[in-house]
Every structure is written in structure tokens, then in C-alpha cells.
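Numbering-wise (the working numbering), the sequence shown opens with residue 11 and increments by one. All C-beta atoms in this analysis are idealised placements derived from N, C-alpha and C, irrespective of residue type, glycine included. Below: one structure, written as C-alpha cells.
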Amino acid sequence: MSNLDFKGRVAIVTGAGNGLGRQHALALAARGAKVLVNDLGGARDGSGGSVSAAQAVVDEIKAAGGEAIANGASVTDFEAVQAMVRQAVDAWGRIDILINNAGILRDKSFGKMDIADFRLVMDVHLMGAVHCTKAVWPIMNEQKYGRIVMTTSSSGLYGNFGQSNYGAAKLALVGLMQTLSIEGAKNDIRVNCLAPTAATRMTEDLMPEEVLNALKPEAVVPAMLVLAAQDAPSRTILCAGAGTFEAAHITLTQGTWIGLGADAPEQLAQRLAEVTDRSGEIVPQSGAAQGSNEVGKAMANARPH
11 MSNLDFKGRV AIVTGAGNGL GRQHALALAA RGAKVLVNDL GGARDGSGGS
61 VSAAQAVVDE IKAAGGEAIA NGASVTDFEA VQAMVRQAVD AWGRIDILIN
111 NAGILRDKSF GKMDIADFRL VMDVHLMGAV HCTKAVWPIM NEQKYGRIVM
161 TTSSSGLYGN FGQSNYGAAK LALVGLMQTL SIEGAKNDIR VNCLAPTAAT
211 RMTEDLMPEE VLNALKPEAV VPAMLVLAAQ DAPSRTILCA GAGTFEAAHI
261 TLTQGTWIGL GADAPEQLAQ RLAEVTDRSG EIVPQSGAAQ GSNEVGKAMA
311 NARPH
């Protein structure tokens with residue numbers, strides 16, 4: 011368990027005034043991390059704002075003997091995010107961990123959704139994580155250490171009615187993780203995704219009472235701690251809820267070579283089940299795997315048999 015000790019580490023947790031973010035901040039602080047608690051203090055649809063939610067969590071951490079500071083920046087404001095990162099560095103000299111947790115909901119079916127509500131959800135979840143990650147990236151590169159956790163969702167991985175904006179943003183964070191984990195590897199910056207199922211302010215109207223009780227935000231925290239730890243994996247999508255932990259993978263099937271003949275579209279339609287057959291599928295280490303597979307099959311089929 012020694013690697014889940016965070017003494018001497020500095021963490022930023024966004025959206026940490028309530029729910030999951032609050033639990034993340036409390037857990038990191040309880041295990042020795044100094045924590046910047048960021049929360050805009052708005053409603054769950056993103057409206058309003060007050061630093062009081064963040065300050066309440068800071069007070070809780072301090073009362074338990076930990077170290078923390080509050081910040082009320084909106085993650086959609088890159089200058090405010092840069093100032094937030096400076097605040098942490100000025101206080102503690104480094105930043106080891108970033109938990110991108112801030113989020114809002116503007117749920118509606120796509121046909122009824124206002125484009126402004128689509129854009130705002132993308133701005134908070136995706137660009138908010140980009141802003142925070144961009145602001146800590148040079149610091150983590152310089153100190154040759156960093157742990158970044160993106161908060162994705164099964165709504166992004168697998169879809170959910172009424173959440174096209176939220177789902178699009180959440181899967182985009184997986185794509186961001188895939189590339190950043192490659193770019194950060196040389197300086198020991200490990201980037202992962204956490205897909206929580208938790209009863210929070212964002213889900214309280216959506217589930218019956220007994221389900222909400224099983225889905226306590228605290229049940230997600232172990233996955234966050236593992237992804238933020240010194241011995242963390244990288245490029246892992248951990249799913250967590252109600253005491254169960256799973257991993258999600260984006261895979262590539264072996265596929266079928268069909269060639270460039272005039273009837274290739276008809277052949278593909280006819281053989282689609284072969285193409286989508288999951289036996290022997292792989293989890294690619296980079297986007298180049300698709301091209302390698304395709305060119306390899308093309309070359310093999312070009313040779314005289």
C-alpha cells in the first residue's frame with residue numbers, strides 16, 4: 011500500500027466543492043497530499059458561482075489536519091486557470107497531480123437541444139480539462155513527474171439518451187488521454203481516465219433512493235487514487251461504482267482484406283460480419299496500428315500465392 015501514500019505531493023482537483031470532486035480532495039488530503047480545491051460554486055447546469063463550496067472543503071481538510079487552499083476559477087477561462095496553477099505553485103512549489111473533475115449537465119434529446127447548451131457542455135468538460143492540463147503540462151515536464159486523471163463517462167463510451175453533448179465531451183477526453191499519455195511518457199507523466207457511476211448532485215434526480223445509496227461517491231475514490239498514485243498505470247480507462255471496478259478498452263478487430271475491385275462496396279456489405287468479428291481483436295498502442303494492419307494485409311494479398 012506504500013505507493014498510495016501521497017505525502018509531499020501537490021494535487022489540484024477541479025469541481026471539488028461537492029460530490030465526487032469533494033471526495034477526491036478529501037481522500038488525497040487524508041493520504042498526505044496538499045490540495046488546491048477548485049470549484050466555481052455554480053449550480054449543476056453551470057449557472058452562478060461562489061468560492062464558498064471550495065472553501066468549505068478546504069476548512070474540512072484543515073480541520074482534519076491537512077493542507078489545502080481554495081480557488082473559484084471557471085475551468086472555461088484559461089487565464090483564470092493559469093492563475094489557479096500559479097496559486098498552487100506559489101504555495102507549495104510544484105504540482106504532481108491534476109484531477110479534471112469539473113462538469114455540468116444540460117441534458118435534452120439532440121433534436122430539442124439548443125446549440126448553446128451543446129457548446130457549453132463541451133467547453134466545461136473538454137476545454138476545461140484542456141485548459142487545466144495545458145497549464146500544468148510545462149511544470150510536470152520540467153519536474154519529470156505528473157499524474158493526470160480525466161473524468162470520462164459510460165455516456166461517452168457507450169451512449170446515453172439525452173446526453174449527446176455530455177457523451178461527445180466525455181469520449182473526447184479519452185482521445186485526449188490517448189495522445190497525452192504518449193507525449194508525456196518520456197517525462198513520467200501518466201494520463202488516465204476514470205468513468206464513475208456515482209450518486210451526486212448531477213444524478214440525484216435520475217435514480218431511486220436504494221440505488222443512490224449503493225452509488226456513494228466514496229466508492230469511486232479508490233480508482234482515482236490508483237490512477238493518481240506514483241505506481242499508476244498510463245492510458246487506462248478505469249470504471250468504478252458501488253464497489254465494483256472495471257476497465258474499458260477501445261479495440262481494433264483483425265478485419266478482412268477485400269481489395270480495391272469495383273465490387274468492393276458490395277463485398278464489404280456481404281462480409282461485414284467478418285470485419286466486425288471480435289476474435290483476435292487488439293488494443294492498439296497508437297493510431298498507427300490501424301494503418302500497419304491494413305498495409306500488412308494489402309502486402310500479403312499482393313504477393314503471388
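Among Leu-235, Glu-276, Met-187, the one whose alpha carbon lies nearest that of Ser-244: Numbered from its first residue, the sequence shown carries residue 244 at position 234. Measuring from the Cα of Ser-244, the nearest candidate turns out to be Met-187.
In angstroms with no decimal places, state the Cα-to-Cα distance between Ala-308 and Gly-185. Position 298 of the sequence shown holds residue 308. Position 175 of the sequence shown holds residue 185. Using only the alpha carbons, I get a separation of about 28 Å.
Residue ranges of each alpha helix (DSSP H) within the stretch 133-217, 4 or longer: 138-153, 164-168, 174-194
If you run the structure through DSSP and keep just helix, strand and coil, what is Phe-16? Counting from one through the sequence shown, the residue named residue 16 turns up at place 6. In this structure, Phe-16 counts as coil in the three-state DSSP scheme.
Note the first and the last residue of the continuous beta strand (DSSP E) segment covering Glu-256. On the sequence shown, position 246 is the one that residue 256 refers to. Its beta strand (DSSP E) spans residues 254-258.
Exposure of Pro-206, with buried meaning 16 or more beta-carbon neighbours within 10 Å: Working through the sequence shown from its first residue, we reach residue 206 at position 196. Burial call: buried.
Going straight from the alpha carbon of Asp-287 to that of Glu-70, what length do you get? Counting from one through the sequence shown, the residue named residue 287 turns up at place 277. Counting from one through the sequence shown, the residue named residue 70 turns up at place 60. Going by the C-alpha atoms only, they are around 52 Å apart.
Of the listed residues Asn-303, Val-305, Asn-170, Val-159, nearest to Leu-248 (C-alpha basis): Looking up residue 248 in the sequence shown gives position 238. Leu-248 has its Cα closest to that of Val-159, out of Asn-303, Val-305, Asn-170, Val-159.
Backbone secondary structure at Ile-125 - three-state DSSP: Here residue 125 corresponds to residue number 115 of the sequence shown, with the count starting at 1. Residue state, collapsed to three classes: helix.
What residues match up with Val-95 in a beta bridge as DSSP calls it? Sequence index remark: in the sequence shown, residue 95 carries index 85 (1-based). Partner(s): none; Val-95 has no beta bridge.
State yes or no: is the beta carbon of Ala-83 nearer than 8 Å to at least one beta carbon in chain B? Given the protein chain composition of this structure (a single chain), no chain B is represented.
Leaving aside the five residues before and after Leu-181 along the sequence, list all residues of the same chain whose C-beta is less than 8 Å from its C-beta, in chain order. Counting from one through the sequence shown, the residue named residue 181 turns up at place 171. Result list for Leu-181: Thr-162, Gly-166, Leu-167, in chain order.
Look at the alpha carbon of Gly-25 and the alpha carbon of Val-95, and state the distance between them as a whole number of angstroms. By 1-based counting over the sequence shown, the position of residue 25 is 15. By 1-based counting over the sequence shown, the position of residue 95 is 85. If you take the alpha carbons of Gly-25 and Val-95, they lie about 15 Å apart.
Length of the line joining the Cα atoms of Met-11 and Leu-108: Working through the sequence shown from its first residue, we reach residue 11 at position 1. Working through the sequence shown from its first residue, we reach residue 108 at position 98. Any reading at Met-11 needs caution, since the residue's pLDDT is 44, under 50, leaving its predicted position unreliable; the model's value is listed next. Going from the Cα of Met-11 to the Cα of Leu-108 covers about 21 Å.
Does Val-23 come out as helix, strand or coil in the three-state DSSP assignment? Residue mapping note: residue 23 aligns to position 13 of the sequence shown, counting from 1. Residue state, collapsed to three classes: strand.
On the DSSP bridge assignment, give the partners of Ala-66 in chain order. As a position in the sequence shown, residue 66 is number 56, starting the count at 1. Paired residue(s): none; Ala-66 is not in a bridge.
Beta-carbon proximity check, Leu-14 vs Ala-239, cutoff 8 Å: Within the sequence shown, the letter at position 4 stands for residue 14. Within the sequence shown, the letter at position 229 stands for residue 239. Yes, the Cβ-Cβ distance between Leu-14 and Ala-239 is below 8 Å.
Opposing strand residues paired with Ile-79 [DSSP bridges]: What you label residue 79 is simply residue 69 of the sequence shown in a count that begins at 1. Per DSSP, Leu-46.
In this structure, what does DSSP give as the bridge partners for Leu-262? In the sequence shown, the residue the question calls residue 262 occupies position 252. According to DSSP, Leu-262 bridges with Ile-292.
Thinking C-beta only, is Leu-278 closer than 8 Å to Ala-250? If you number the sequence shown from 1, residue 250 lands on position 240. If you number the sequence shown from 1, residue 278 lands on position 268. No, the Cβ-Cβ distance between Ala-250 and Leu-278 is not below 8 Å.
Please classify Ser-62 as buried or exposed, where buried requires at least 16 neighbouring CB atoms within 10 angstroms. Reading the sequence shown from its first residue, position 52 is the one you call residue 62. The residue is exposed, with fewer than 16 neighbouring Cβ atoms inside 10 Å.
Neighbourhood of Glu-304 by C-beta, 8 Å cutoff - its chain only, sequence neighbours within 5 removed: Against the sequence shown, residue 304 aligns to sequence position 294. Contacts found: Gly-265.
Taking the straight line between their C-alpha atoms, what separation do you get for Ala-93 and Gly-156? Taking the sequence shown and counting its residues from 1, one reaches residue 93 at position 83. Taking the sequence shown and counting its residues from 1, one reaches residue 156 at position 146. Computed Cα separation, rounded: 19 Å.
Looking only at its own chain, which residues have a Cβ that is under 6 Å from the Cβ of Ser-174, when we skip the five neighbours before and after it? The sequence position of residue 174 within the sequence shown is 164, counting from 1. Taken in chain order, the residues that qualify are Phe-120.
State the DSSP-derived secondary structure class of Ala-308, mapped to helix, strand or coil. As a first step, residue 308 is located in the sequence shown; it is residue number 298 there, counting from the start. Residue state, collapsed to three classes: helix.
Mapping DSSP to helix, strand and coil, what is Met-11? In the sequence shown, counting from the first residue as 1, residue 11 sits at position 1. In this prediction, Met-11 scores a pLDDT of 44, lower than 50, which makes its location untrustworthy; no coordinate-derived value is stated.
How should Phe-16 be labelled, buried or exposed, when 16 other C-beta atoms within 10 angstroms of its C-beta is the threshold for buried? As a first step, residue 16 is located in the sequence shown; it is residue number 6 there, counting from the start. Buried is the call here.
Report the three-state DSSP secondary structure of Ile-105 (helix, strand or coil). Indexing the sequence shown from 1 puts residue 105 at position 95. Coil.
When we look at the beta-carbon of Ala-283 and count the other beta-carbons within 10 Å, is it buried (16 or more) or exposed? Reading the sequence shown from its first residue, position 273 is the one you call residue 283. Result: exposed.
Give the straight-line distance between the Cα atoms of Ala-74 and Ala-179, rounded to the nearest whole angstrom. Residue numbering aside, residue 74 sits at position 64 when the sequence shown is read from its first letter. Residue numbering aside, residue 179 sits at position 169 when the sequence shown is read from its first letter. Whole-angstrom Cα-Cα distance: 35 Å.
I need the DSSP call for Lys-226, collapsed to helix, strand or coil. For this step, residue 226 is matched to residue 216 along the sequence shown. Three-state result, Lys-226: coil.
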